[in-house]
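Residue numbers (the working numbering): 1 to 135. Working notes, structure below.
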């Protein structure tokens, strides 16, 4: 059912994202901003998420453009992995647990917009929310 505040940060929920994107083509725009106010955008011409039966796999992601760099295409055809549903391809770890955020993890990620909200410098690009090609 989603969570957060519609006026700001809000997660719609995987089932609703699936219902919105699977049968009708949709674009995805990701707007990123760092703590210094630098903004960048990643745009994908086509974006779709499969059903719960297919573990909300990121099934369509086509034609990146923008200034943020492409840190999502590597997640195409990966299942959505959470703390309690380890659907990633890492053999010995649950990436959602290790990197504190559910995402379309493979082994593990080059982006994770559901990671911890950390302000300031971290020891690794993957410790919190990240878009590797951007920051």
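Even for Gly, the Cβ is constructed at its ideal location relative to N, Cα and C. Source: prediction; values computed, not measured.
Proximity to residue 22 across 87, 58, 32, 102 peaks at 58, based on C-alpha coordinates.
Exposure of residue 24 is indicated by the presence of fewer than 16 other C-beta atoms within 10 angstroms of its C-beta.
The beta carbons of residue 56 and residue 26 sit no closer together than 8 Å.
Judged by DSSP secondary structure, residue 7 falls outside any beta strand (DSSP E); it is assigned neither H nor E. With contacts defined by Cβ atoms closer than 8 Å, residue 134 and residue 71 form a contacting pair.
Contact between residue 113 and residue 128 does not hold, since their C-beta atoms are separated by about 10 Å, which reaches or exceeds 8 Å. Assigned with DSSP and collapsed to three states, residue 44 falls in strand. As the crow flies, the alpha-carbon of residue 96 is around 27 Å from that of residue 45. Taking residue 4 as the centre and dropping the five residues before and after it, the same chain places the C-beta of 10, 11 closer than 6 Å to its C-beta, in chain order. Residue 35 counts as exposed, since fewer than 16 other beta carbons sit within 10 angstroms of its beta carbon. Put simply, the backbone Cα of residue 94 is about 18 Å away from that of residue 54. Taken atom to atom, the span from the alpha-carbon of residue 47 to that of residue 92 is near 30 Å.
Here DSSP, grouped into helix, strand and coil, assigns residue 30 to strand. Of the candidates 83, 111, 20, 121, the residue whose Cα lies closest to the Cα of residue 51 is 20.
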